[in-house]
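Numbering (the numbering used here), first residue to last: 72 to 465.
First up is the structure itself, then whatever we jot down about it.
Next comes the structure, spelled out in structure tokens:
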């Protein structure tokens, strides 16, 4: 059975999700392809998955006619969902939502796309997050809905032992944008330096995705708080190396801090736990799938810096609590988010939607192509093992 997954760009959690699920489904006999509207840093992580970059209408039509996908999963981009139907695709078309930002932004997006989704999608799929469940049932209750956890790279991504770092590390992963709430991270880091004067702040991001105004505000706050000498910024780290960084942070006596306003799934948090890196997080939606307070991690109320510092202090200084959380975190992620669970749910969804592999294509005849009305997007050249500039990722 041939499946296509689409998103805007290969970066962050969506790049991770697409890669992990394609690999997991491939082991179960599915043939999975990826489509992105533009290239991105995540191309360096993709191996042996047919990957296409979106650029023009004609090649969207050509790709769909050539590959004859049994099902297509379009994440977030309702215009692409519409374009796929207009390109003549008559197979199972599933709309996916992974995260829509702040509650205010989410409502705006829902109001914008719900009619396009209703007119073109056969079903909706999303991770187990209270906010998403409420939004989907409020706006699109007339469509079949499927809700199950995303997969994590259990067995291929985990703790690596390194010599202890010379100073405790406070880590943070995300884009420099409002929903990730980077200001709160810097404030927490600044306040922790009173007790931990050698504390280092490590930020992992894709700088290409930050807005200039946000970047300027970020740099200004770093300077105001005097964090320049203790702040280390890592840009576009290959995914497999993040296991090393999480492990080093965990063994340093520090932790990963997640300050998001709202998260759909929150891959960084889950992957940190898988690497024995404890996490202090805002109570931001999907994070509750990973963190039970004082059992698998620490939670604090967003905006309450006193509570954040109190929880951070205990996480860093109470060794018994810290080690219990590290052990429980690895166990919870390994047991609940293994790829096999995702593939079972995904296959069951397709069965319920009546998706079956297409019969072998007869010899093509001139003039037989899916009718194409109009579209906003298309597919460019096949990328595969090289990025769009022709370089082979290392």
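Quick reminder that beta carbons are idealized off the backbone N, C-alpha and C, glycines included.
Computed from a prediction, not measured in an experiment: that's the story for all the values here.
Is residue 140 helix, strand or coil when you go by DSSP? coil
Cβ neighbour criterion (16 or more within 10 Å) applied to residue 423: It counts as exposed.
Spatial distance of residue 269 from residue 236 (CA atoms): Residue 269 and residue 236: Cα-Cα distance of roughly 11 Å.
Name the residue from 105, 350, 119 whose alpha carbon lies nearest to the alpha carbon of residue 320. 350
Can you grab the Cα-Cα spacing for the pair residue 386 / residue 255, in whole Å? So the alpha carbons of these two residues sit roughly 18 Å apart.
Short check: CB of residue 146 to CB of residue 115, under 9 Å? Cβ atoms of residue 146 and residue 115: not closer than 9 Å.
Suppose you measure from the CA of residue 178 to the CA of residue 211; what does that come to, to the nearest Å? 13 Å
Beta-bridge partners of residue 306, as assigned by DSSP: 276
Could you tell me whether the Cβ atoms of residue 87 and residue 106 are closer together than 9 Å? no
Secondary structure at residue 86, three-state DSSP: helix, strand or coil? helix
Smallest Cα separation from residue 227: which of 314, 377, 159? It is 314.
Using alpha carbons as the reference points, say which of 286, 285, 357, 305 lies closest to residue 272. 305
If contact is defined by three or more beta carbon pairs under 8 Å, each pair taking one atom from either stretch, is the stretch 356-363 in contact with the stretch 371-383? no
Just checking my contact of residue 120 with residue 109 at CB under 8 Å: how many whole Å lie between their CB atoms? Residue 120 to residue 109, Cβ: 17 Å. No contact.
Would you check if the distance between the CB atom of residue 233 and the CB atom of residue 318 is smaller than 9 Å? yes
Sequence ranges, alpha helix (DSSP H) only - wholly within the stretch 178-227, length at least 4: 201-210
Taking 8 Å as the cut-off, does the CB of residue 386 come closer than this to any heavy atom belonging to the ligand FMN? With respect to the ligand FMN, the structure offers nothing, as it holds no ligand at all.
Helix or strand or just coil, what does DSSP make of residue 356? strand
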